[in-house]
Amino acid sequence: MKKFNLTIYFLLLLLFPVCSYGQIEGEVLKPQNGKFLLKGGTVVTVTNGIMENTSVLLEDGKIKAIGTGIDAGDATVIDCTDHYVYPGMIDSGTRLGLVEVGSLAETQDYAEIGNVTPNMQALTAINPNSVAIPVTRVSGVTTALSVPSGGLFPGTAALINLNGYTPDQMYTGFKGIPMNFPTSARRGRWDRRSDEEIEKDAREALKNINEIWERATTYMKLEDADASLTYYPEMEQLAKAVRGDLPLLIEVNKAEDILKALEWIKEKEVKKAVLTGVSEGFRVAEKIADAGIAVITGPVLALPSRSSDRYDAAYSNPGKMHKAGVKVAIRTSDTENVRNLPFNAGFAAAYGMGKEEALKAITIVPAEIFGVDDHLGSIEEGKSATVFVADGDPFETKTQIKHVFIDGYKIPMTSRHIRLYQEFLERNPGLEK
Amino acid sequence: MKKMRKLTYIICSLCLIATQHLGAQTPKGNVLIKNATVLTVTQGTLENTDVWVQDGIIKKVGQDLSASKDAETIDATGKFLMPGIIDAHSHLALDVVNEATAPITAEVAIADVINPFDVGIYRALAGGTTIAHGLHGSANAIGGQSITMKYRYGTRNPSDLIMKEAPRTIKFALGENPTRVHGQGKNIQPRTRMGVEAIIRNGFNEALQYEKKWEAYNQAKGQKNSKAVPPAYNLRLQTLADILNGEIIIHCHSYRADEIYMLINVCRDFGVDKLVFTHVNEGFKVAPELAKYTMGASVFSDWWAYKFEVYYSTAYNAAILTENGVITSINSDSDELIRHLYHEAAKTQRYGGLSDEQALALITINPAKQLGIDEYVGSIEEGKQGDLVIFDHHPLSVYAVPQMTFVDGIKQFDINEDKDDQRLKVSPTERVEPVYLQVEEESCMHGVELFTEGTVLHHSY
Amino acid sequence: MIKRLTTLMLLVVMICFLDTPLAIGQSDQTGQRRVTGTYVITNATVITQPGKWLTSTSIVIKDGLITDIGQNVTIPVEAKTISGDSLFVYAGFIDLGSEAGVKRPEEAEKPEHYDPSNPPNEVAGITPERSVLDYWDVSDGSIAEWRKAGFTIAQLLPKGEMLPGKTALVVFGDTKSTNVLQESTGLFAQFETVRGVYPGTTLGLMAKYRELYKNAELKNQHAKLFTSNGNGISRPEKDKSLEAFYPVINKQVPVVFEANEELEIRRVLKLQEELGFDLVLMDLEEGSNLSSELLAANAHVALSLSLPDDKAKEADLEEATEEAKEAHKRVVEEYDVALSQAGKFEEAGVKFGISTNQVKKDEVLKNLRLMIDNGLSEEGALAALTTHPAAILGISSFAGTIEQGKLANLVLTTDSLFSEESKINYVMADGYLYEYDISKSNKVAGDPTDLVGEWKYTAETPGGTSAGEIRFKESSGNLAGEIDVDDPNGGGTVTRPLENISFDGKKLSFTFSIQVQGQKLTVQSKGKVEGDDFNGTISIRDMGEFSLTAKKTPDFKF
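Chains as they are written, first to last, in numbering that gives the first Met the number 0: chain A, 0 to 432; chain B, 0 to 460; chain C, 0 to 557.
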C-alpha cells in the first residue's frame, strides 16, 4: 500500500536540521568548527543547577560563556527556545571502535591472546571510522571508554570523544588498566563446573594475581631506583598501576567477590582503583561506600544475576548503591548500541536513583572518576564544548536530539541508520518499477 | 421431592463431569479497574474510564461502572491501563529451542517442551508482557511448529500455558544461521542462500506428492474389495502439506532484503499467504512488497551489527515499515528485552517519530494479528480477553513502571504485594545458589554449539 | 529267568540314570554344587505379604517351589534345615528396573558418507527389536551383589539411547541356569538421543516416536491385509524396528518409559494419550502430584530409589547472610518434598513398584527407611518391593508373596526389614540358598603399605593406549608417589609427582599435572584397589573420563 503523507514529510524536515539547512542532495557532511551561540534554551549544567532562558557561547573548542544577553558577534546562532542544552553523555564501559561485526572474528580487536597483557593499547586499535560511531554520537553520547577484555589483565582502556580521524584526535585524557578479578560465579548457564571446582579455580586465580602483582611491584621499585631492567612490557605497564599513575578498573560482579576485591585492594594498598560491573553491588553497598571506591555499573537493562532475585534487581542496583553513599557511574557495556546509555540511566532513575543522580551518573561522575572533569562532564565556562541540544528530556524516547558538539565541532546529524531511513522511507521505484 | 433431588444430583454430577472433561480449564478472574487513562489501542484513549472483567472477558468499558461482588476493585486514578503486551518472537520457558540435526524439522512441536517453572515468565509479566510466541530456533530452513503461550505463571502443567484459541504457527529461517549450522557445520545442504530456497521448494514439492499419495489411498480404500495399501506416514511432509493448505502461519527469521523477497515469491508460487517475517532487519528495503504480500513483519527496536547480515540495518526499520502499510510489531527474541517491550516500542518515537497510537500498536494489536489472535486480545474492547497492564506513567515514557499485570482477569503481577523470590521449583541439593555473570538469554541459536564451533552467536554484552 | 531279570534291572537302572536329574551321580570337582534342592526353614516369623504375619512358622521348599507353610509341617528327609529362630522371612524382592549384568551394546558404526539428518536407525539409537537378554551376562558379579540386597526377580532394562530394546524378566538364580522367566516384558524407551544425528533433542525424539508408532500401526495393518488376502496386495517391506512395536500395538506388552522428573512424566503421558499404548513409567523421582492423571491413564509406576543427598540441607549456616538463610529454607522444603514422594503416591492410591538402576545396593534399605520416615507406610514399602511389582509384571500367580505353590524367592533378615539394625542373613532365589555374613565388620582405614611399590599401568584414551609405571613411597606415615607418562610435547617420557593422594583402604584418588603446549593441565584419577589390582579412571576436566588400570609388581624378598 503506497502512502505519501505530507504531514510526515514536513515533520521530517523539522526533525532533520540537515534538511532545513539548505542541504544539497548528495553532499557529504563534515564536522564544522567555529563559533556557535546556543541561544535562549534551558541549560542543564549538572553542577550548577538548571538555568532557564540562558545562552551558551562555544568558541575555540571551549565553552566560552554561559548567561543571558550574550553578544553573538560572528557566531552562528542556533535558536534553542523550548530546547535543552546538556553536557555530552559519557559511557564508562564500551567496546566502541574495537569491533565492527560481533560474530566476525576478523573484526574483533578487544581480546588479545594471553592472560597478562596490560600493555595492549585499546587506543591505537580503535577504528575512528567505525560505522557505530556516528550512530552513537547523534544520540548525544559524546564520550566513551573503550575497554579490552579477555584474560586477567587484558589491556589498557582509553577514553575517547566521538569525533576525530585518528585515535589521537579522539583521545580525551584518560587511560586505565582493567583487571578481571577471579570470580566464584558461573560464567553462564553452559558453565557446568561443580561448586568445588569453581571455588578451587578462583583460589588459584587469586594466588596467581598476587604473584603477578608482587612481580609488578618489584619491577616498579627497580625502575624507580633506576636499575637496569630487561625488556618486560607487561610488567612495565602494570608497574604504572602499582605506582598509581594509572587506575585499576577491577571487573567484579558477585557479592562475595566484591568483598574479596575490596579486601585485596586494601591489602595491596592499590593507589587508585575503581570497581566495574558490580551487578550485585546492592548486596554490599555499605562496604563499598566505607571503602570509598567508586563504581561503574551496567548495563542497567539486564537480567538479575540470581534466579531468586527480585525481577528489578539490575534496574534498582545503581540507585541502591548511590543511597548507601557510593559514587556510581553507569555504562552500557555495548558497542553498536551505546546510544542506549540515556535509556539505561532512565531506568535507573525510574527504579530508585532519581533523574538528577542518574544524569550525574552519565556525566560528571564518570568525568570525575576518570579525572577529566576539568574539561568534560558539565556545562561550565572553560570546559570543552562537548554538549548537545535536545527538544526535551534526553532520557525519554520521544525526545529528539537536534545538535551535537564535540570539542567545539558541530557534528553532522547523520549516520548510516539515518541515511537508510531517508532512502527507504519512500522507496523509488516502489512496488512497481 | 426425592425425584427432584435425584435429578439435581444427576445434573450436578454431569456438570462436574463436563467440566472435568473440558480438561485443563484455566482459571478466569474478575476485576474492576477504576478511573484509569485507558489506552484502548484500537478506539483511542479514554480518560477517567473503568474496565470491568468478568470470567476473564472484558465485560464493559465505560465510566462509573459497578461490578459483581466477587470482582476486586482497583483504584487506578492517575494511572494508565493498556492491553497486555504481546511478544511475537520469544524462546522463554522452553527446555529445547533447536532440533538442529536436519534442515527441515516441521514435524517437531515446541508445545512438547514448554517449561512452566521458568522464573523468566514472572519477570516478563512484571514487564507487562502477557502473551508470547514460543518459537523454534533459527538453525533450520524449516524449523518446528511454534506455540502461542499465555503467561499464566504459577501452574505446574505446561498445557496451561498454551493459548488454546491460537492458530498453528511454524518457524522458517533464512540466511546465515541455517547455512552455518548445516552447510558449514555438517556439510549438508543448505550452504548458501541458493540452497535455502532449494530446500524450501523441495520440502513443499515433496509435501504435495505425499498428499497426492494419501488422497489416492483414502479414495481407494473406501471402495469395495479394496486392495489399497497405506503409504508410509510422514509427519514432516504432513505438516508441510498443512502449511500449503493454509492451516499454519509461517513466521520466517530473515534479515537480508533479497532473502525476504525470495520467500515472498516462493510462497506466492505455492499459494501460501499466511506469512509473517521476523527480525527482518532489512525489511525496510522491501517494505512495499511486505505490505502487499504478507501478514507483516516483527522486528527488533534497534539491534544491529552483531552479524554481517544485519550490518546494514537501521533503527528506523519499524517506522519505515509502519509508514508503508506493513503490519509491524516489535519483538524481543530475548529473555531480557521481553521485560520492557513498552520501552522498545517507544524507541520508534525517537527513530521515526511514530505517534503514541502507532507505537503502542506495535506491541499489542499488530502482533495479535500476526499470531492470528486479534479476535481475542491486542486491545481493550468489550468481548476481548482480560489481559491488562497498569502503569504509573504513560507506557511510552522511560520512567514508566508496570504496577499490575492481569491475564484472563487474574492478577499475575503486583509490584507492591509480590515477594522477591518467585521461583516455583528449587533444587534440593543446591548448596549455594548459582550466580551467573552472563545470564544466557534464549536466543535463536541456542543448542547448536555442537555444529558451530568458534564464534559466539548470541548477542551478548 | 534270573539272568533276564538282572539284565532288565540293569536296563531299568540305566534308564533311571539317563532320566534322573544331574543331582544324582554327577561329579563336580569344584565342590560348588549343592547337595539337595529341598530346604526347610523352621520356626521363623514369616511375613507372607504386607500386613500378614505368621509366628513360629516353618516353610518347606522343594526344587524351587514353596511346598508347605505352617506351624506344623512335615519335614522331608532330604531337607537341609535352616533354623529360623529370631529370623524374619519376606518374599524375595522384585526389581522393576534393573541393570545388573547388562552390558551396553557397542556404538553403532557410522557408515562412511551418511546423512546425519536422516541416519540409519541404529545410528540414531532406534533399536527396539533388540532384546536385553542378548547383552546380559548371567555370571556378572553385580547380580550376586543385588541378590545380597534381597532382590530375587528383576526386569532388566536394555542400555542404549532412545529405543534401546525389549525388557526381560529374570530370576537371580544359579549361574548354571538361563534364569529367564519371560523374554519380552516391555518396549523400553527413554529421553536419550545421540549427539549430532536426528533426532538430537527431546523435540525430535517426540516427533520421531509418534511417526514410528503410526507407521508401525500402518505396517501392522498392511501385514494383516497381506496375510489374510495375499492376492493383489503389495508385499510389506520388512522393517524390524517397526515390527518390534507390534506387541505394543496389539496390547500384549506395555511401553516401559523412563521419566525422572515431572515435566518428563507429563511428556510421556501426552504421548500415551495420543497413541494409546499401555504404559509403565520407570525411575520416577517425583510426580506424586500427577497421581490422578496416572491412575486415569492406567499407567503403572516404578519409583526410583534415588533420593537427593542431604549436603545442602545440612549445610552449616552460621556465617550465612539473611538472604542465604531464606533461600536455604526453600532448599530444605524441596528436600522434604522429594523424600515424601513415596508416601504421597501411596496416599493417592498409586500401587508403585521400585527400580534400582539409579542407586547402589547399600542405598536400597537406607532410602526406603528415609521414605518411611517421611510418610510411606512400612506395609507400602514392602508392597513396593513385592506384591505391587508382581502385579505390574503380571506374575502374581507365582511371585510376590510367600504362599504354597509360589516360586521359592525369600529374604531372611535378622530383624524387622526396615529397622536400622536389620541385616540380610539369607536369600533364596529360584530355590537356591545364599548365606551372608552378618558379623560386625571393622572399618579399616587405608594402610599405605598396601600401595607402596611399583605399579604397571595401562590407560585407554582416545589418543590410543599408553602404558607406564606408577611408584608409591611411604615416609613417616605419609604417602608419596610419581607417575611416568608419555611426553605429550614430543618423544620420551616425563615423570610427574602425584598430588592430593587419598586412600581409605579401597578407594584411591590422586592428581598430577602436565605441561602441554605451554598450558598446565591437571589430570585427576580415582578408582578402587583390590589386592594388587587397581581399576579406575583418569579425567581431565571437560575432556571426559578414560580407563586406567594398574597391576602391582610383586615385591620379591630375598
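Just so you know, even glycine gets a beta-carbon here, dropped at the ideal spot from N, CA and C.
Look at S278/A: its C-beta is not under 8 Å from any C-beta on chain C. In the three-state reduction of the DSSP assignment, I93/C falls in the strand class, which pools E and B. Residue pairing from DSSP places R495/C in a beta bridge opposite I482/C.
For E395/A, at least one C-beta of chain B is nearer than 8 Å to its own C-beta. The alpha-carbon separation between T385/A and I197/A amounts to approximately 45 Å. For G462/C, there is no enclosing beta strand (DSSP E), as DSSP marks it with neither H nor E. For the stretch 324 to 339 of chain C, the residues whose beta carbon sits under 7 Å from a beta carbon of chain A are, in order, A326.
Classified as exposed, N244/B has fewer than 16 neighbouring CB atoms from the shown chains inside 10 Å of its CB. Proximity to L28/A across F423/A, K432/A and Y408/A peaks at Y408/A, based on C-alpha coordinates. Under the DSSP assignment, K551/C falls outside any alpha helix (DSSP H), being part of the beta strand (DSSP E) whose first and last residues are E544 to K551. S138/A and R338/A have their C-alpha atoms some 6 Å from each other. Following the DSSP letters along the chain, one finds F225/C inside the alpha helix (DSSP H) bounded by residues T201 to S227. One thing to note: Q144/B has its Cβ within 8 Å of the Cβ of I169/B.
Of all residues in the stretch 130 to 162 of chain B, only H135, G143, R155, N156, P157 and S158 place a beta-carbon less than 9 Å from a beta-carbon of chain C. According to DSSP, residue pairing for E257/C in a beta bridge involves Q189/C and M281/C.
About 21 Å separates the beta carbon of I368/A from that of A313/A, a gap too long to meet the 8 Å contact definition.
Here the stretch 123 to 135 of chain B does not lie against the stretch 128 to 144 of chain C, with fewer than 3 beta-carbon pairs under 8 Å apart. Classified as exposed, H112/C has fewer than 16 neighbouring CB atoms from the shown chains inside 10 Å of its CB. Per DSSP, the continuous beta strand (DSSP E) segment holding P401/B begins and ends at P401 to V406. Pairwise C-beta distances place the stretch 338 to 354 of chain C in contact with the stretch 381 to 392 of chain C, as three or more of them are shorter than 8 Å. For Q183/B, no CB of chain A lies under 8 Å from its own CB, so it is not counted at the interface with that chain. Contact annotation: in the stretch 187 to 217 of chain C, residues whose CB is within less than 7 Å of a CB in chain B are R194, G195, V196, Y197, P198, G199, T200, T201, L202, G203, M205, A206, R209, E210, K213, N214 and L217. As far as DSSP is concerned, D94/B takes part in no beta bridge. Only buried fits G83/C, as 16 or more other CB atoms lie within 10 angstroms of its CB. Identification of chain A residues near A227/B by a Cβ-Cβ cut-off of 8 Å yields none; the smallest Cβ-Cβ distance measures about 49 Å. Of the residues L361/B, I409/B, P401/B and Y311/B, the one whose Cα lies closest to the Cα of F423/A is Y311/B.
Between F92/C and I46/C, the C-beta gap is not smaller than 8 Å, which leaves the two residues out of contact. The criterion of a C-beta distance shorter than 8 Å is not satisfied by P177/A and T116/A. Close partners of S307/A in chain C (Cβ separation under 9 Å): E322, E325, A326 and R329. Not one beta carbon of chain B lies nearer than 8 Å to the beta carbon of T80/A. Scanning chain B for C-beta atoms nearer than 8 Å to the C-beta of G231/C yields K226, reported in chain order. The C-beta of P427/B comes closer than 8 Å to at least one C-beta of chain C. DSSP places G352/C in the strand class (E or B) of the three-state scheme. For E362/C, the three-state secondary structure derived from DSSP is helix. Its Cα nearest to that of G77/B, the residue H393/B stands out among F283/B, H393/B and K346/B. Taking the Cα positions, L416/C is about 38 Å away from E544/C.
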